[in-house]
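Visitor: In my numbering, the protein residues as written are 18 to 271.
Just so you know, even glycine gets a beta-carbon here, dropped at the ideal spot from N, CA and C.
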Amino acid sequence: MIEETVAKTVVVIPTYNEIGSISSVIERILNTDAAANVLIVDDNSPDGTGDLVDRMAADDERIHVIHRTEKNGLGAAYGAGFRWALEHGYDFIVEMDADGSHQPEELPRLQALLADGCDMAIGARWIPGGVIVNWPWYRKAISRTGTFYSRLMLRSKLHDLTSGYRGFRAESLRALDMNAVDSQGYGFQVEMAWLFERSGAKIGEFPITFVERAEGVSKMSTGIVIEALLKVTGWGLSSLVGKAPARLALPARR
Ligand SMILES: Nc1nc2c(ncn2[C@@H]2O[C@H](COP(=O)(O)OP(=O)(O)OP(=O)(O)O)[C@@H](O)[C@H]2O)c(=O)[nH]1
Ligand SMILES: [Mg+2]
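Structural data, given as structure tokens:
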């Protein structure tokens, strides 16, 4: 008899001062997929987010927490989370924000793409079916312009390079040297997507409903936007002269 194996998912959520929304996001994930695990990577949030998730983890073995000593940026938090996830044998490793912008109920669409053999799945706002709730026109304009500029500079075919709702097959993520990914915020998301795309990864996109955060304070800053802009420009120019970063050695196509 052939034994059917079920892919095991971990949703990695970096947090910094997300006490108002994190518990409901975790509950919604576990209500959507009771077999999934959640890993919170907290940078010693002064508002007590770390203590709250510790209490939740004590009551539910599907919830895990990594505590880091200081706020060190999104990319570093995901680096620590990915390492932990790869060491703990998960098949699908998912990124999600803690502020309620990403809908946990849409997780099955992401998992279906990974189960279908995608190395990476991206929840996209700028494709048919994608919806944005409660963003003023200028936020939409910044996001659209950023995506348009990145597509142009990087000659990318992806439609939402900055989206933070995405997932990877573990064996594909293992090909990545996280030490080589040094950008933060949006730059981190663009860099990861571009590394996978230019390595010939199979990338699936699915439409998401993105909801502006209702609680807490945004960690987005002008510095993060400028970093992303400069990096994208630098990557685009260096790839034109054949000096782009090395490609990933992805596992053979399924
Ligand atoms: N651990 C950790 N998490 C972070 C850090 N910066 C941001 N985050 C988390 O990363 C996720 C995205 O951050 P947001 O502030 O929502 O950034 P954003 O979605 O680009 O901005 P908004 O649209 O204003 O929400 C949230 O879960 C944050 O708590 C950090 O330095 N360390
Ligand atoms: Mg957000």
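#1: Can you check whether the CB of lysine 236 is closer than 7 angstroms to the CB of cysteine 135?
#2: When you compare only the Cα positions, how much space is there between aspartate 59 and arginine 85?
#3: Taking only heavy atoms of ligand 1 into account, decide whether any of them is closer than 6 angstroms to the Cβ of glutamate 188.
#4: Give a yes or no on whether the C-beta atoms belonging to glutamate 208 and serine 173 are separated by under 7 angstroms.
#5: Tell me the rounded alpha-carbon separation between methionine 18 and alanine 132.
#6: With a threshold of 8 angstroms on Cβ separation, who are the neighbours of isoleucine 46 within its own chain once the five nearest residues in sequence on each side are excluded?
#7: Which two residues bound the contiguous alpha helix (DSSP H) that contains methionine 209?
#8: Within its chain, find whatever has a CB closer than 8 angstroms to the CB of leucine 246; leave out the 5 residues flanking it on each side and keep chain order.
#9: May I ask which residues mark the beginning and end of the beta strand (DSSP E) holding proline 145?
#10: Would you say the beta carbon of aspartate 71 comes nearer than 6 angstroms to a heavy atom of ligand 2?
#11: Per DSSP, leucine 175 forms a beta bridge with which residues?
#12: What residues match up with isoleucine 241 in a beta bridge as DSSP calls it?
#13: Tell me where the beta strand (DSSP E) around leucine 56 begins and ends.
Guide: In short:
#1: no
#2: 6 angstroms
#3: It does not: the Cβ of glutamate 188 is nowhere closer than 6 angstroms to a heavy atom of ligand 1.
#4: No, these two residues do not count as a Cβ contact at 7 angstroms.
#5: Residue placement at methionine 18 is flagged as unreliable, the pLDDT there being 47, under the threshold of 50; a coordinate-derived value is accordingly withheld.
#6: Val28, Ala53, Val55, Met113, Pro121, Leu124
#7: 202-215
#8: Gly163, Tyr166
#9: Unbroken run through proline 145: none, as it is neither H nor E.
#10: no
#11: Per the DSSP secondary-structure output, leucine 175 pairs with nothing in a beta bridge.
#12: DSSP output for isoleucine 241 lists no bridge partner at all.
#13: 54-59
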